Amino acid sequence: MEVYLDNAATTKPFEAVRKRMWETLEENYGNPSSMHKKGVEAEKYVREARETIAAALKAEQKEIIFTSGGTESNNMALIGAAYANQRAGKHIITTKIEHPSVHNPLFFLEEQGFQVTYLNVDKNGRVILEELAESIRKETILVSVMYVNNEVGACEKIDEISKIIKEKNENTVFHVDAIQGFGKYKIYPKRLGIDLLSVSAHKIHGPKGAGFLYVQNKVKIKPILFGGEQQRGLRSGTENVPGIAGLSKAVEEIYKNYDEKRTHLYKLKKYFIDRIGEMGGVMVNGIENIPIEETAPHIVSVSFEDVRSEVLLHALEEKGIYVSSGSACASNHPQLSGTLKAMGIPKKYLDSTLRFSFSVSTTIEEIDYTIEELKKIVPVLKRFTRH
Amino acid sequence: MFQAFLIKYAEIGIKGKNRFIFENALRDQISFVLNDVEGDFHVIKDQGRIYVEAAGSFDYEETIEALKRVFGISSICPVVLVEEYQWEDLTKATGDYVEQLYGNKPMTFKVEAKRADKNYPLKSPEICSEMGSYLLSRFENLTVDVHQPEVRIYVEIRNRAYLYSQNIPGPGGMPVGTNGKAMLLLSGGIDSPVAGYMIAKRGVKLAATYFHAPPYTSERAKQKVVDLAKLVARYSGPIQLNVVNFTDIQLYIYEKCPHEELTIIMRRYMMKIAESLALESDCLGLITGESIGQVASQTMQSLLATNEVCTLPVYRPLIGFDKQEIVNVSEKINTYETSILPYEDCCTIFVAKHPVTKPNLKVIKRSERNLEEKIEELIQVAMDSVEKIIVE
């Protein structure tokens, strides 16, 4: 049996996505900037994608910039907004649990003279709102908070965060990394007061190498790529037509039967948490005293006492079960040490944590199989631990 | 401008009646490394010399790099071939050659001539002196020095003329395959690829054995070892890599023996298995990357304990090397960067905090008695399930 429970790493592209992409590779391979018919045909895919995505966000078409994926979207949002707004101030706020594609551009900005505040999170991985409120100053030009944390599935209270920001400083730009959240939640940036929103295609059953950045109309950002001035000069480079076509189809598909999908994912998550509780010596992270519905529906982070996550991961792999180890390497930035540590997870669990992440096609049977295998493997591994 | 290379070899010259074996092995190895180089090459053995000739265009830099990896070559001379070699044409071609390579810079020189074509109107000493005076008249900054010239210009007359004057040093050693075969214990570390390289340099063909321990070691750790074997194979030619699943043996030892002896006992079984695999594939010895005192398992006492299980000789070319000296070679042969990739190998996963550094063979053997019940069976299973990968 093959059980893919690493959907937070990447997802299998939907069939409709593959088909749509193939069209652009086989037939409509033109350059959208070309003036002839071949170009017009290709441009149609890009235009339709913009329509589809704008509709999904209840946004305007010109607010969508296509990128090469999540990393580029985050880089463009942070570096682009910082440079465009630096006359108003050089202070940026983010959290200690962001993805490296947020942290690393910010380290770069620190080297360029910007000041960055890294907010703590509570034991469930959520931003402490009072701390945020205290941190916002009149030189704060940018706040960046993720929608869903990729390691533990914590879901940030974006609406409240947004309210606090705008109350304290209405000029502060609010960026949300929604790479894990988009498709799992309906996100309408205008209503939530989000100015910049990063999305990646391959986390929602689209292709790798495609994504977009939502840039609210009035928000100024500078480009980080320079060239042929495509996409209003904000993102030069011939549009990745196959990627954009695939992204668009994925957005369309992921929000079909939205309620059903969401219910299914939460059912899986609850079932998984219940069943893994049957085992001794396990701890599910990020759900202490809060309803499961306040966490992301597709990610479960589990610590296994006295088991090294890398070994357990490979042992599961031998049974056809694919998961991720739960903690990303600590960065070499003095203030930062990874999500689990920021949440206050005891040190001995940091190296013993796995991330299980589901998709809409994950089944209860697959979870049963996974739990049964875990029950067999974990006791064996515990017998052979390093002393 | 160069269309051929004269290959000079060192130790082969003194091998008497076996010389042809060495020359053939050298020719084969040259052909092997040139397979990957852009160009169409012919390797020619002719009157005690080996020439590499390129038909049509080829990548000069890549060719030199490839030849520098062939053990047995002491130096490589890039050659200009002169098809029209009547005396007038030859002098002009030689002058052009000197001009292209050296311009008109001041230097001392000497012409060395060899006439394989005995019908050529000038004899060797005449070629030397006539060519010398031609060059002197054409380049005002040249001076002759017959004893210690800065540049020796070689003119050889065969079915055409060969001009050369540069010597690019080769790696030395002896052609791979002229000295039997040995089994390298290849881990993912820095030392073992270097050990393999050094023994291969003496003309020894390599086989290799790697012990992996899934799920404690990953697919990527195995891939890293395959990659290392590939890098060594650039020098040694194809390597048969045996991948042994060591997990059950390792866990069994872990359960039955004192933990501080774990590494020594494990290594003893690794040597045993490697030796059986070596004998199966006609190897005449084992190769390890050990160096005295580098880690607990490489003290004199530990080496004695691991050595004791083998009857085949164990070659340890790095035995007197410091770590930095080993690193220097690994950087030279380009294995260093791969070696330091951070995947765990099976030697490190169960390491005790304080492993024995001076194991007593009697004590070790007593501990191994705890394994009597199942160990032979486990070794057999491991041997039967060896994965064999040809790496080239």
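So the sequences go chain by chain: A and B.
The first sequence maps to residues 87 to 473 in my numbering.
The second sequence maps to residues 7 to 398 in my numbering.
Every residue gets a Cβ at the ideal spot worked out from N, C-alpha and C, and that includes glycine.
The structure presented is a predicted model; accordingly, all values stated were derived computationally and were not measured.
Taken in chain order, the complete alpha helix (DSSP H) segments of 4 residues or longer contained in the region 171 to 217 of chain B are 197 to 207.
Looking at the backbone, the Cα of B:V161 and that of B:Q9 are separated by about 15 Å. Within chain B, the C-beta atoms nearer than 7 Å to that of A:F470 come from L257, Y260, in chain order. Here A:K176 is buried. Its C-beta has 16 or more other C-beta atoms within 10 Å.
Membership of B:E59 in any alpha helix (DSSP H) is not indicated; the residue belongs instead to the beta strand (DSSP E) covering 55 to 61.
Its Cα nearest to that of A:K209, the residue A:G372 stands out among A:E452, A:K270, A:A401, A:G372.
Distances from the alpha-carbon of B:D102 to those of B:K262, B:M137, B:T341 put B:M137 closest. Around the beta carbon of B:K228, 16 or more other beta carbons sit within 10 angstroms, so the residue counts as buried. B:Y222 has a beta carbon lying within less than 9 Å of a beta carbon in chain A. When B:Y66, B:S135, B:D328 are compared, the shortest CA-CA separation from B:T97 is found for B:S135.
Taking B:E378 as the centre and dropping the five residues before and after it, the same chain places no C-beta closer than 6 Å to its C-beta. In this structure, DSSP gives B:Q330 a helical state, which the three-state scheme calls helix. The beta carbon of A:Y455 sits closer than 7 Å to the beta carbons of M87, V89 from its chain, once the five residues preceding and following it are set aside; these are given in chain order. CA-CA distance, B:I159 to B:H153, rounds to 13 Å. With a cutoff of 9 Å on beta-carbon distance, A:N303 and A:Q266 are scored as not near each other. Taking the C-beta atoms as reference points, B:M113 is found nearer than 9 Å to B:E156. Taking 8 Å as the upper bound for CB-CB distance, A:V238 and A:T425 are in contact here, some 6 Å apart. In chain order, G279 place their CB closer than 7 Å to the CB of A:K252, counting only its own chain and leaving out the 5 sequence neighbours on each side.
The region 363 to 382 of chain B makes contact with the region 297 to 317 of chain B, as at least three CB pairs between them are under 8 Å.
At the C-beta level, A:F268 and A:L282 stay beyond 9 Å of one another.
Residue state for A:I340 is assigned as helix, using DSSP reduced to three classes.
Only residues of its own chain outside the window of five on either side were considered, and among them S389 have a CB closer than 6 Å to the CB of A:Y435, listed in chain order. Exclusion of the five residues before and after B:V392 leaves N248, V250 as the residues of its chain whose Cβ lies within less than 6 Å of its Cβ. By the Cβ rule, the region 180 to 191 of chain A counts as touching the region 156 to 171 of chain A, because three or more pairs are nearer than 8 Å.
Shortest Cα-Cα distance from A:G297 to any of A:K224, A:K105, A:E325, A:K308 involves A:E325. Contacts with chain A at 9 Å (Cβ-Cβ) do not include B:F252. Its chain contains M107, T110, L111 as the residues whose beta carbon lies nearer than 6 Å to that of A:P328, once the 5 sequence neighbours on both sides are disregarded; these appear in chain order.
DSSP, reduced to helix, strand and coil, places B:K14 within a strand of the structure shown.
In the three-state reduction of the DSSP assignment, B:Q246 falls in the strand class, which pools E and B. Nearest CB-CB separation between A:L402 and chain B: below the 9 Å threshold. By the criterion of a C-beta distance shorter than 8 Å, A:T439 is surrounded in its chain by N371, S387, V388, S389, F390, S395, S411, G412, S413, L426, I431, once the five residues flanking it on both sides are discounted.
Taken in chain order, the complete beta strand (DSSP E) segments of 3 residues or longer contained in the region 346 to 427 of chain A are 368 to 371, 385 to 390. In the assembly as shown, B:S297 is a buried residue. Its beta-carbon has 16 or more other beta-carbons within 10 Å. In this structure, DSSP gives B:A167 an extended state, which the three-state scheme calls strand. Within the same chain, M277, G291, L292, I293, T294, N313 come within 8 Å of B:V320 by CB-CB distance, once the 5 residues on both sides are set aside. Rounded to whole angstroms, the separation of the alpha carbons of B:H218 and B:I82 is 41 Å.
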